[in-house]
Amino acid sequence: MIIFLHGPDTFRSRQKLKELKEKFLKDVDPAGLNLESLNGAELEIPDFERAVSTLPFLAKKRLVIIEDLISKNKGQKIQKEVAEILEKHKSEEVIIIFWEGADFSGKAKKARGKKPAAPRIHVLLPLLLKEKYAQEFKLLDQGNVYRFAAEEFKKRGAKIQNSALKLLCDLAGSDLWRLTGEINKLSAFARGQEITPADIANLVETKLEEDVFKLTGALGQKNKNASLKLIAELLLAKSSATELLGMIAWQFRNLLLVKSFTQENGGGYDSYRMAYQLGLNPYVAQKTAAQIRYYQIDELKKIYQNLLQIDYKLKTSQIDPEVLFDLLVIKN
Numbered sequence: 001m002i003i004f005l006h007g008p009d010t011f012r013s014r015q016k017l018k019e020l021k022e023k024f025l026k027d028v029d030p031a032g033l034n035l036e037s038l039n040g041a042e043l044e045i046p047d048f049e050r051a052v053s054t055l056p057f058l059a060k061k062r063l064v065i066i067e068d069l070i071s072k073n074k075g076q077k078i079q080k081e082v083a084e085i086l087e088k089h090k091s092e093e094v095i096i097i098f099w100e101g102a103d104f105s106g107k108a109k110k111a112r113g114k115k116p117a118a119p120r121i122h123v124l125l126p127l128l129l130k131e132k133y134a135q136e137f138k139l140l141d142q143g144n145v146y147r148f149a150a151e152e153f154k155k156r157g158a159k160i161q162n163s164a165l166k167l168l169c170d171l172a173g174s175d176l177w178r179l180t181g182e183i184n185k186l187s188a189f190a191r192g193q194e195i196t197p198a199d200i201a202n203l204v205e206t207k208l209e210e211d212v213f214k215l216t217g218a219l220g221q222k223n224k225n226a227s228l229k230l231i232a233e234l235l236l237a238k239s240s241a242t243e244l245l246g247m248i249a250w251q252f253r254n255l256l257l258v259k260s261f262t263q264e265n266g267g268g269y270d271s272y273r274m275a276y277q278l279g280l281n282p283y284v285a286q287k288t289a290a291q292i293r294y295y296q297i298d299e300l301k302k303i304y305q306n307l308l309q310i311d312y313k314l315k316t317s318q319i320d321p322e323v324l325f326d327l328l329v330i331k332n
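The opening residue of the sequence shown carries number 1 in full-length UniProt numbering; numbering runs sequentially from there.
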C-alpha cells in the first residue's frame with residue numbers, strides 16, 4: 001500500500017502524517033519494531049529496497065516513511081529506480097508513505113501532458129499522484145483559515161471576539177504554523193478572558209516585526225550574510241526606507257533598555273515584570289531579552305548612533321538606502 005501526502009500546507013500534511021504514525025503504533029505495532037523513517041534527500045537505493053522488501057516482525061504490517069525524496073534528492077536515477085522497486089514489491093503487508101512539502105501542482109500538470117523526459121519530474125511523481133491514497137494539502141482560503149482558527153481556540157477553551165479573530169487571520173494569512181503559534185500565545189495570555197482586537201494589536205507581531213527581530217539577532221551573532229539578506233528583503237517589503245529605519249531603531253532602543261535594566265537589576269526578572277517596569281509589550285520584552293546576550297552596552301550605543309547617522313543621510317543625500325543599511329552591517 002502506498003500513501004502520498006504532498007502540497008504547500010505542511011502544517012496539515014504533518015498533522016496527517018503524525019495521525020497515521022500514531023494509529024499504526026496503537027493498532028498494529030505498539031513496540032514500534034516495524035516503523036522506519038528514511039530521509040529522502042539522502043536516500044540510497046539499497047536502503048530503500050531493504051526497507052520496503054523486509055517483512056513485518058511480530059506484527060501484521062510494516063510502515064516505511066520517506067520524506068522529501070522528489071523535492072530534495074539530487075540523484076539523477078533514483079526516482080526511476082524507486083518507481084521500478086515499487087512495481088516489483090507490491091505488498092499489502094508493507095505500508096509506504098511518501099511525504100513531500102513542495103507544491104507540485106504545476107509540475108504535475110506538465111508531467112501528465114508530456115512524454116517522459118527528465119526523470120526528476122516525469123517518473124515517480126505521476127506514479128504517486130495516481131495512487132488511491134494520494135492526498136494534496138493546498139493552502140487554505142481565508143474562510144477556511146478563519147474556521148480553523150476558531151476551532152483551535154475552542155480546543156484550548158479560549159474565547160475570542162469575532163473582530164479579533166478576523167484581525168488575527170488577516171495578519172497570519174494561510175501560514176498555519178504561525179497562526180497556531182499565535183493562538184497558543186494568545187490563549188495562554190488571556191487566562192480565560194475574552195481576547196479582543198487590542199490584544200491582537202499588542203501581542204501579534206507582523207511579518208516585518210518578525211524579520212526585524214531576526215535582523216537584530218543576526219547582527220548580534222555577527223552573521224553578516226544573513227544580515228545583508230534580511231536587509232534586502234526588508235527593503236523590498238517596505239516602501240519607505242525611513243519607516244524601516246524607524247523599526248530597526250525601535251528594536252535597538254528596546255535592546256538598549258533591556259540590557260541596561262538587566263545590568264542594573266540582575267537577570268532574575270521575568271519578561272512580564274520587566275515589560276511592566278520598562279513600559280514594553282511583554283512579547284517584545286521576551287524576544288528582546290533573548291537577544292541581549294549577543295551585545296555589549298557600548299556596542300548598542302554605537303549602533304544606535306550609526307542609525308541616527310543613516311537617518312540624517314537618508315534625508316539629506318541621494319545615496320541608495322540599501323548601501324547605507326549594508327554599511328551598518330559592515331561596521332558592526
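From the three backbone atoms N, C-alpha and C, an ideal C-beta is built for every residue, glycine too.
What are the start and end residues of the beta strand (DSSP E) that includes L33? Indexing the sequence shown from 1 puts residue 33 at position 33. If you look at L33, you'll find it isn't in any beta strand (DSSP E); DSSP assigns it neither H nor E.
Which of helix, strand or coil DSSP assigns to A201: For the purposes of this step, residue 201 is taken as the residue at position 201 of the sequence shown. Helix, per DSSP.
Can the beta-carbon of V212 be found less than 8 Å from the beta-carbon of M247? By 1-based counting over the sequence shown, the position of residue 212 is 212. By 1-based counting over the sequence shown, the position of residue 247 is 247. Yes, these two residues count as a Cβ contact at 8 Å.
Enclosing beta strand (DSSP E) for E136 [first to last residue]: On the sequence shown, position 136 is the one that residue 136 refers to. It spans 133-136 - the beta strand (DSSP E) in which E136 sits, taken as one unbroken run.
Smallest Cα separation from N306: which of Q318, L245, Q291? Counted from its first residue, the sequence shown places residue 306 at position 306. A check of alpha carbon separations from N306 across Q318, L245, Q291 identifies L245 as the nearest.
Do E93 and R62 have their beta-carbon atoms positioned less than 8 Å apart in this structure? Counting from 1 along the sequence shown, the entry for residue 62 is found at position 62. Counting from 1 along the sequence shown, the entry for residue 93 is found at position 93. It is a contact, given that the beta carbons lie within the stated cut-off.
Work out the CA separation of I160 and A190 for me, nearest whole Å. Position 190 of the sequence shown holds residue 190. Position 160 of the sequence shown holds residue 160. Taking the straight line joining both Cα atoms gives about 9 Å.
Does DSSP classify L63 as helix, strand or coil? In the sequence shown, residue 63 corresponds to position 63, counting from 1. The three-state secondary structure of L63, taken from DSSP, is strand.
Bounding residues of the alpha helix (DSSP H) (the contiguous stretch that carries L324): Counting from 1 along the sequence shown, the entry for residue 324 is found at position 324. Going by DSSP, L324 is part of the alpha helix (DSSP H) stretching over 321-331.
At least three beta-carbon pairs within less than 8 Å, the segment 288-303 to the segment 218-232: In short, these stretches touch, since the Cβ pair count reaches three.
Assign K259 to buried or exposed, taking buried as 16 or more other Cβ atoms, counted over all protein chains shown, within 10 Å of its Cβ. As a working mapping, residue 259 is identified with position 259 in the sequence shown. That one is buried.
Euclidean distance between Cα positions of T180 and N265: Counted from its first residue, the sequence shown places residue 180 at position 180. Counted from its first residue, the sequence shown places residue 265 at position 265. Approximately 35 Å between the Cα atoms of the pair.
By how many angstroms is the C-alpha of V64 removed from the C-alpha of M35? What you label residue 35 is simply residue 35 of the sequence shown in a count that begins at 1. What you label residue 64 is simply residue 64 of the sequence shown in a count that begins at 1. According to the sequence provided, residue 35 is Leu. The question's Met does not apply to it. Taking the straight line from one Cα to the other gives about 6 Å.
For the candidate residues P30, Y294, L308, F57, whose alpha-carbon lies nearest to that of K214? Here the question's residue 214 lines up with position 214 in the sequence shown. When C-alpha distances from K214 are compared across P30, Y294, L308, F57, the shortest belongs to Y294.
Considering only DSSP beta bridges, list what E81 is partnered with. Locating residue 81 in the sequence shown gives position 81, where the first residue counts as 1. Answer by DSSP bridge pairing: none, since E81 is not bridged.
Go ahead and label I330 buried or exposed: buried means 16 or more other beta carbons lie within 10 angstroms of its beta carbon, across all protein chains shown. Taking the sequence shown and counting its residues from 1, one reaches residue 330 at position 330. Burial call: exposed.
Close Cβ partners of E49 (< 6 Å) along its chain, the five nearest in sequence each way excluded: Here the question's residue 49 lines up with position 49 in the sequence shown. The answer, listed in chain order, is I85.
When the distance is taken between beta carbons, is K166 closer than 8 Å to Y146? Position 146 of the sequence shown, counting from 1, holds the residue named residue 146. Position 166 of the sequence shown, counting from 1, holds the residue named residue 166. By the CB criterion at 8 Å, Y146 and K166 fall inside the cutoff.
Label I3 either buried or exposed according to how many other C-beta atoms from any shown protein chain fall within 10 Å of its C-beta, with 16 as the threshold for buried. Residue numbering aside, residue 3 sits at position 3 when the sequence shown is read from its first letter. Looking at its Cβ environment, which holds 16 or more other Cβ atoms inside 10 Å, I3 is buried.
Can you tell me whether K74 is buried or exposed, with buried defined as 16 or more other CB within 10 angstroms of its CB? On the sequence shown, residue 74 is found 74 positions in, with the first residue counted as 1. Label assigned to K74: exposed.
Three-state class that DSSP yields for E152 in the structure shown: Translated into positions along the sequence shown, residue 152 becomes position 152. Assignment of E152 by DSSP, reduced to helix, strand and coil, places it in the helix class.
Using 10 angstroms around the beta-carbon of Q251, count the other beta-carbons present and answer buried if the total reaches 16, otherwise exposed. Taking the first residue of the sequence shown as position 1, residue 251 is located at position 251. With 16 or more other CB atoms across the displayed protein chains lying within 10 angstroms of its CB, Q251 is buried.
Using the DSSP secondary-structure output, state which residues sit across from K5 in a beta bridge. The residue given as residue 5 occupies position 5 in the sequence shown. A small correction: the amino acid at residue 5 is Leu; Lys does not occupy that position in the sequence shown. For L5, the beta-bridge partners assigned by DSSP are W99, Q135.
Rounded to the nearest angstrom, how far is the Cβ of F325 from that of I183, given a contact under 8 Å? Stepping through the sequence shown from its first residue, residue 325 is reached at position 325. Stepping through the sequence shown from its first residue, residue 183 is reached at position 183. Rounded, the Cβ-Cβ distance is 34 Å, inconsistent with contact.
Does the beta-carbon distance from I70 to L125 come in below 8 Å? Numbered from its first residue, the sequence shown carries residue 70 at position 70. Numbered from its first residue, the sequence shown carries residue 125 at position 125. In contact: I70 and L125 (Cβ atoms closer than 8 Å).
So what's T316 in DSSP terms, helix, strand or just coil? In the sequence shown, the residue the question calls residue 316 occupies position 316. Looking at T316 - three-state DSSP - the assignment turns out to be helix.
Relative to the C-alpha of S192, which residue among P30, N162, N202, G157 is closest? As a working note, residue 192 is residue 192 in the sequence shown. Here the sequence assigns Gly to residue 192, which means Ser is not the residue at that position. Taking only the C-alpha atoms, the option nearest G192 is G157.
Look up V284 in the DSSP assignment and say whether it is helix, strand or coil. Translated into positions along the sequence shown, residue 284 becomes position 284. In the displayed model, V284 falls within a helix according to three-state DSSP.
Check whether the segment 11-18 and the segment 41-61 are in contact - that is, three or more C-beta pairs closer than 8 Å. They do not touch, by the three-pair rule.
I'd like the span of the alpha helix (DSSP H) that includes K90, first residue to last. As a first step, residue 90 is located in the sequence shown; it is residue number 90 there, counting from the start. Run containing K90: none; DSSP gives neither H nor E here.
Spatial distance of L127 from A237 (CA atoms): As a first step, residue 127 must be located in the sequence shown, where it is residue number 127. As a first step, residue 237 must be located in the sequence shown, where it is residue number 237. Distance between the alpha carbons of L127 and A237 is about 40 Å.
Kindly indicate the opening and closing residues of the alpha helix (DSSP H) around Q263. Taking the first residue of the sequence shown as position 1, residue 263 is located at position 263. Annotation for Q263: the continuous alpha helix (DSSP H) segment containing it runs 241-265.
Could you pull out every residue in the same chain whose Cβ sits closer than 8 Å to the Cβ of P197, ignoring the five residues on either side in sequence? Against the sequence shown, residue 197 aligns to sequence position 197. Around P197: Q161, S163, A164, L167.
In its own chain, which residues sit with a C-beta less than 8 Å from the C-beta of K60, not counting the 5 before and 5 after it? Numbered from its first residue, the sequence shown carries residue 60 at position 60. Excluding residues up to 5 positions away in sequence, V28, E93 lie with their Cβ nearer than 8 Å to the Cβ of K60 in the same chain.
Continuous alpha helix (DSSP H) stretch holding F24: start and end: For the purposes of this step, residue 24 is taken as the residue at position 24 of the sequence shown. For F24, the uninterrupted alpha helix (DSSP H) run begins and ends at 10-27, by DSSP.
Going by DSSP, what residue range makes up the alpha helix (DSSP H) through D170? Taking the first residue of the sequence shown as 1, we reach residue 170 at position 170. Residues 162-172.
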